[in-house]
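Take a look at the structure set out below.
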Amino acid sequence: VNKQHQITAFFTKA
Amino acid sequence: MFELRLVQGSLLKRVIDAIKDLVNDANFDCSSTGFSLQAMDSSHVALVALLLRSEGFEHFRCDRTFSMGMSIANMAKMLKCASNDDIITIKADDGTDTVTFMFESPSQDKISDIEMKLMDIDSDHLGIPDAEYEAIVRMPSTEFGSICTSLSTIGDTVTIAVSKQGVTFSTKGDIGSGNITCRQNSSTEKPEEATIIEMKEPVVLTFALKYITTFTKATSLSSQVTISLSSDMPVVVEYKIAEMGHIRYYLAPKIEE
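Top to bottom, those sequences are chains A and B. Per our numbering, residue 23 is the first one in the first sequence, and the count goes up by one each step. Per our numbering, residue -14 is the first one in the second sequence, and the count goes up by one each step.
Here's what the structure looks like:
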């Protein structure tokens, strides 16, 4: 199953 | 005091059109560098980053760094009052909760003053790391747009595979499947028609087509699009805005679990 990841899993708060 | 003047007003209309289907509200950041924005879609799957550098404006004044929270849908409504060849001036004063758009016709015989309410938007800036990408594809933006439109009639996801043979976009749906391969083509006399593939490693990534198709609303901003890919990382779809900056879309991949 392909799971849609969130962008926040890759880029963190500046 | 913040004031910017853009002779090519249609550019701002096109920029907002390229964002409005992805983002509801956003903070526009104003500084001496320029006019910029970073915003996510409501499900936090995609992110858009816009930069319009101050040098690209005919007039740009920003006394101090600040953010203006705007509804993108309302901004698009306000910009509908501007004709494509109008000159656009955006003004805001310190401490006010409104922004003023002035639209001047090229012959100066019609001037529209539009005031829009600003909003308080609580949003976090994400740090986007400088990354070396495993594969970078440059191709005509219209070609990329038509590939995404075609594939989205068949399936919901697109798998982008970059290899020495070229870049393949493929999809699968209930009615069947399809794939489109674009080979490197740098010999064309028109650079805007070239497809150039820089590959360090072969990459295969899958993305939701509904987001990628939204990104292609920026097609009119640039003749070429750059798609940067690395395994298990968000794709970057970039449209350069001539002499001014860029609009970059980041999309988290679908990863098999």
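Cβ atoms here follow ideal geometry from the backbone N, Cα and C, with glycine treated the same way.
Query	Result
Within chain A, partners of Thr85 (chain B) - CB distance below 8 Å	What Thr85 (chain B) touches in chain A: nothing, since even the nearest Cβ is about 30 Å away.
Inter-stretch contact (C-beta, 8 Å, three-pair minimum) for the stretch 138 to 154 of chain B and the stretch 183 to 196 of chain B	yes
Segment limits, alpha helix (DSSP H) that includes Gly130 (chain B)	126 to 137
Contacts of His231 (chain B) in chain A (Cβ-Cβ under 8 Å)	Near His231 (chain B) there are no residues of chain A at all, since even the closest Cβ is about 17 Å away, more than 8 Å.
Coil, strand or helix - Asn246 (chain B) by DSSP	Look at the range of chain B in this structure, -14 to 242, and you will see that residue 246 (chain B) is not part of it.
As assigned by DSSP and simplified to three states, the class of Arg123 (chain B)	strand
Exposed unless 16 or more other CB atoms sit within 10 angstroms - verdict on Asp71 (chain B)	buried
Close Cβ partners of Asp6 (chain B) (< 7 Å) along its chain, the five nearest in sequence each way excluded	Thr199, Lys202
Thr156 (chain B) versus Phe129 (chain B) - alpha carbon distance	14 Å
C-alpha gap between Pro125 (chain B) and Val189 (chain B), whole angstroms	21 Å
CB of Ile121 (chain B) within 8 Å of CB of Ser213 (chain B), strictly	yes
Entirely enclosed beta strand (DSSP E) segments - the stretch 150 to 218 of chain B, minimum 3 residues	151 to 158, 161 to 167, 181 to 184, 188 to 193, 209 to 214
Cβ-based neighbour list, Ile1 (chain B), same chain, cut-off 7 Å, excluding 5 preceding and 5 following	Ile57, Met60, Ala61, Leu64
Residues near Tyr224 (chain B) in its chain [Cβ-Cβ closer than 7 Å; skip 5 each side]	Ser126, Ala203, Leu206, Ser207, Val210, His231, Ile232
For Gln26 (chain A), the residue or residues it bridges with in DSSP	B:Lys239
Assigned exposure category for Ala31 (chain B) - 16 Cβ within 10 Å defines buried	buried
8 Å Cβ cut-off: residues of chain A touching Leu111 (chain B)	Ile29, Thr30, Phe33, Thr34, Lys35, Ala36
DSSP bridge partner residues for Asp2 (chain B) (one or two, in chain order)	Its beta-bridge partners do not exist; DSSP assigns none.
Boundaries (first-last residue) of the beta strand (DSSP E) holding Leu37 (chain B)	31 to 38
Under 9 Å (Cβ pairs) to chain A, residues found in the stretch 157 to 191 of chain B	Thr191
Val23 (chain A) classed as buried or exposed, judged by whether at least 16 other C-beta atoms fall within 10 angstroms	exposed
Interfacial residues, the stretch 9 to 41 of chain B to chain A, with Cβ spacing under 8 Å	Met25, Ser28, His29, Val30, Ala31, Leu32
Thr191 (chain B) versus Asp159 (chain B): straight-line alpha-carbon distance, rounded	17 Å
Proximal residues of chain A, C-beta to C-beta of Lys239 (chain B) below 7 Å	Asn24, Lys25, Gln26
Any 3 or more C-beta pairs closer than 8 Å across the stretch 90 to 107 of chain B and the stretch 160 to 177 of chain B	no
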